[in-house]
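Here is the structure we will look at, set down as structure tokens.
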Amino acid sequence: MKNTQALKKVTILFAGDSGDGIQLAGSQFANTTALAGNDLSTFPDFPAEIRAPIGTVSGVSGFQINFGSEEIHTPGGRPDVLVALNAAAYRKNFPSLKSAGTIIVDPAGFDKKNLRLAGYDDEENPLLNKPADYQFYEIEVTRLNRDAMKEVEIAPRDRDRSRNMFVLGFIYFLYNRDLEVTLHFLEEKFKHKPDALEANKKALMAGYNYGDTIEAITRFRIEKAKLPAGEYRNVTGNQALALGLIAASKKAGLDLFYGSYPITPASDILHELAARKNYGVKTFQAEDEIAAITSAIGASFGGALGVTGTSGPGMALKTEALGLAMMLELPLVVVNVQRGGPSTGLPTKTEQSDLMQAVYGRNGETPIPVIAASSPSDCFWAAYEGAKYAIEHMTPVIVLSDGYLANSSEPWLFPKAADLAEIKAPFRTEVENYLPYERDEREVREWAIPGQAGLEHRLGGLEKEDKTGNVSYDAENHELMVKTRARKVALVAKDYPETRLLQGAEKADLLVLGWGNTKGAIQVAVAQALVEGLSVAQLHLRYINPLPEDLGAILQRYPHILIPELNDGQLVRIIRDHYLVKADVLDKIQGKPFLAEEILAQIKKVLKDGNH
Amino acid sequence: METTNTLSARDFSSDQEVKWCPGCGDYSILKQMQSVVPELGIAREDIVFISGIGCSSRFPYYMNTYGMHSIHGRAPAIATGLKITNPDLSIWVITGDGDGLSIGGNHLIHLLRRNVDLNVLLFNNQIYGLTKGQYSPTSELGKKTKSSPLGSLDHPFNPLALALGADASFVARSIDRDPKHLREILSASHQHKGTSFIEVYQNCNVFNDGTFLNFTDKKLKDENVLLLEEGQPLVYDQGKKGIRLNGLKPEIVNLEEGASLNDLWIHDSRDATKAYVLSRFFDDSLPRPFGIFYQEDRPCYEDDLLDQIDHAKGVQGEGDLDDLLRGKRSWTVG
Ligand SMILES: Cc1ncc(C[n+]2csc(CCOP(=O)(O)OP(=O)(O)O)c2C)c(N)n1
Ligand code: SF4
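Heads up: the sequence lines are chains A and B, in that order. Residues 6 to 617 (this note's numbering) are what the first sequence spells out, left to right. Residues -10 to 323 (this note's numbering) are what the second sequence spells out, left to right.
In structure tokens, the structure reads:
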């Protein structure tokens, strides 16, 4: 009998060479864990190169998962367990491991060659000089897996490819997990490759059984989390975003047109949507980002929900067309899955540094609503809401996600189609007295799509005459139109729900204000601070432009505001500018999300310094 | 539904005052368009003009149809999105040599290769009109303008060769000063299913007056204009001269000095090789061809896209939103 120890939560980091199938093993573990009833959050981290040099630190791929019987808000800070399939993975990730953590290594990945590739000096082998206080498991994954492969007809060069399954099987054993989800997955994946199927199944079982045979090993049990009742699925940010767009188009009764040019980390939205042709989704892989957005504008002119998605550099290219869409006052959703900038920057790393660009980055007075998603599943809601505002207010809307949200996953209590908010397009069909730029009380003009007799009209980017939309260079008219368009966008805020604190008291010494992907880390940090008796509260912003009308009064209640951002301080400027409050930034510009402990430390520092 | 046979050119003219310089070639093109569309059998509400930026791109404001005056160079992409959304519309892209070949060159070639069923009218005046007279991608080498006081160093584009190179399925040239010819070409481009590319020589009398004099001046044009007629030999200069092919090399022959009509090149707009040779009639040694250089029947992008959607619906069934939200693997808590 083995020992079994109960745990509330665990963070495991799977790491190996990018060719080792780490992402696959990690996501299988995530799916299985979700089905076992734990709450979880994942964070994949892979190299920018498609085939980074094998065995080197720059070629290391990682997949971190945080799961537990309590609510999980982040992929976990420092992992409890590091699985390192080679020396490079060990070298890169050991420093972030929790002290006294568990390390599982394959010694085959620490031979002379691998050590050298990982940058260790000769004679410097971490396995020969194990750090004290850590639980070290040396498991001969490669050798044991080869043994298992003896019973399978498989080419010698392919026999190590199932090592990831061996490791996964072992981890399943350790954490008392069922193999069923992964077996099912393998059968699907290798439907037409019986040899590969057998090899992978064998490897998975061999890993599991290996756990059973070794002595003196503790297994872990993590109870189900107490999640709200309902039906769940796992979802990544990019998947959720694509689903949100389809859902919005269906609820609005519009065709969905998605024009895009491939770019990391936004491409998966294009892939997701391209696979949904049976939902009537039209995807268009354009020749560049300018064609991507302008084709979407053309689609919106034609009565579809025009959407374009990209990341930083592509967003820069779309700028001029965004101005056009704003002038045309047609619905348009523009998704920016932010990555590290500037320029090509850090394509596979995350950052929140396109906020200023989203809010201000255009010529002329060009206000555009900006909505930010705060978790992988929240990407669904951000996209849905973005589309709703775009359609109902006849305006382009920018939806901000980022590389971290895009690729991370979490369980999602998904909605029923019938429960989604209605979306009503302001179509114009009445011929009598049609004026293209006449507005309703929300300053919204009507959408007269081509093909309707009697509503023929011309749109354009030249300044419009009030009501008629004819070209006008009149001075007073220009000012009127600029102000009208600004008011129209400001009025979007009337549709927002009430702004609510996530944690803490209505009055406290410090408010931690976040936006986008920082929500989870702030949530953990503020919860801990409250446990420690600190006077702090948490508020998370979804609507960055226009800002909620009730935000100012809330901010005024706090003598000090701390804004953690993955940039050099962008929201903080917007907040200071709008409200003249004392707000400071906690910045992090490392291509990585915040750790809760970093935010907690800053909370303590601010409160201790007492300079509020 | 309005019927089109009762409409006239006047019904297609909008209430906006036309603001091109007096004498500009754009007027004639507008006029020919307004008189051709009533004859095409399309309802007015099904016609859309999409333009970029430039003098020529003001065009949509003057047509009493749906229209969009967009941003510099992007009309082909906007029109593509519109056509994919609403394939029943008759969409006309209006662009200039700067708009279509400089800033928008990328979109133009991609439109042509995709073969979206649109008509592209490229108003070529070999100059930037709206920005007041800089050389354009079609200006001749050495051209002196405000931005090239010592002469332009840019080798010019040959728009039709470019279009053929991008596998355009309909390629033609016409000119503002030959209304009848222009109307015929507009009409033919509408009949063509796929992207029709029409280069229209257009005189900018303010910044580049007389660039096309060789093809418009009474005394010069006979010698320089070669009108292409399907199935007919290539003859010009009042029947005095013709073109013969020596292998793939075109030669001018004098019909008055014994050359026979039977030896001449017979125009065949379905022959891609000949079309390419014709497009290279681009210097003063050969007459300049006008007419339909090339046409081919090729599937259109939007039709293929709709086919894929129909096929996907046939195979996978019409998508249900709840199924989509649930995904492949869900579980229930509580
Ligand atoms: C992005 C951008 N760059 C530059 C301009 C300035 N611009 C307007 S029209 C034009 C050139 C137009 O030339 P052409 O397409 O030949 O049209 P024409 O005016 O001769 O009809 C330029 C450079 C602009 N409007 N937008
Ligand atoms: S500048 Fe030239 S092209 Fe423009 S309107 Fe005047 S004449 Fe026509």
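Note that the Cβ used here is the ideal one computed from N, Cα and C, for glycine as well. From a predicted model like this one, the values you see are computed outputs, not experimental measurements.
Check	Outcome
Which of helix, strand or coil DSSP assigns to Y139 of chain A	coil
Burial state of K282 of chain A (16 or more Cβ within 10 Å)	buried
Beta-carbon proximity of V364 of chain A to S406 of chain A, cut-off 9 Å	no
CB contact flag (L591 of chain A, P569 of chain A, <9 Å)	yes
Residue-level contact to chain B via CB, N482 of chain A, 9 Å cutoff	no
Cβ contact check for the segment 57 to 70 of chain A and the segment 418 to 436 of chain A: 3 or more pairs under 8 Å	no
6 Å Cβ shell around V15 of chain A - same chain, five flanking residues per side excluded	D85
Nonlocal neighbours in the same chain, by C-beta distance under 7 Å from L153 of chain B, ignoring five residues either side	V160, A264, Y265, S268, Y283
Top-ranked residue by Cα proximity to A160 of chain A, from A:I144, A:A458, A:A201, A:R224	A:A201
Where G212 of chain A falls, given that 16 or more other Cβ within 10 Å makes a residue buried	buried
Segment contact, 8 Å Cβ cut-off, at least three pairs: the segment 378 to 388 of chain A with the segment 236 to 244 of chain A	yes
Backbone secondary structure at M399 of chain A - three-state DSSP	coil
Alpha-carbon spacing of T434 of chain A relative to L215 of chain B, whole angstroms	49 Å
With 16 other Cβ atoms within 10 Å as the buried cut-off, status of P441 of chain A	buried
Candidates A:A588, A:R83, A:P58, of which the one nearest F68 of chain A by Cα	A:R83
Exposure of G220 of chain B, with buried meaning 16 or more beta-carbon neighbours within 10 Å	exposed
A53 of chain A versus G346 of chain A - alpha carbon distance	14 Å
Residues, ordered as in the chain, of the segment 260 to 282 of chain A that lie near chain B by beta-carbon distance below 8 Å	D260, F262, G264, R281, K282
9 Å Cβ cutoff met for L132 of chain A and P112 of chain A	yes
Beta-carbon proximity list for V304 of chain B, same chain, < 7 Å, skipping 5 on both sides	none
Inter-residue spacing [alpha-carbon to alpha-carbon] between R490 of chain A and G574 of chain A	28 Å
Nearest-angstrom Cα separation, counted from A297 of chain A out to A291 of chain A	5 Å
Y548 of chain A versus E448 of chain A - alpha carbon distance	20 Å
Below-9 Å beta-carbon distance, E145 of chain A vs any chain B residue	no
Residues that DSSP places opposite K14 of chain A in a beta bridge	A:G73
Spatial neighbours of L122 of chain A in its chain, beta-carbon cut-off 7 Å, leaving aside the 5 residues before and after	G60, T61, A93
Selection from A:Y263, A:P270, A:P318, A:F115 that minimises the alpha carbon distance to E128 of chain A	A:F115
Alpha-carbon to alpha-carbon, G466 of chain A and I60 of chain B	7 Å
Cβ neighbours of L209 of chain B in the same chain (closer than 6 Å, five flanking residues each side left out)	N203
First through last residue of the beta strand (DSSP E) which encompasses S254 of chain A	Element bounds for S254 of chain A: not the beta strand (DSSP E) but the alpha helix (DSSP H), 242 to 257.
contact_flag[the segment 177 to 189 of chain A, the segment 20 to 37 of chain A] where n(CB pairs < 8 Å) is 3 or more	yes
Classification of E437 of chain A by the beta-carbon crowding that lies within 10 angstroms, buried from 16 upward	exposed
Chain-ordered neighbours of I67 of chain B on chain A, where CB pairs are closer than 7 Å	T299, S300, I302, G303
I116 of chain B: CB within 8 Å of a non-hydrogen atom of ligand 2	yes
Segments assigned alpha helix (DSSP H), at least 4 residues, entirely inside the segment 53 to 117 of chain A	92 to 98
Beta strand (DSSP E) segments (min. 3 residues) lying fully within the segment 68 to 134 of chain B	79 to 85, 108 to 113
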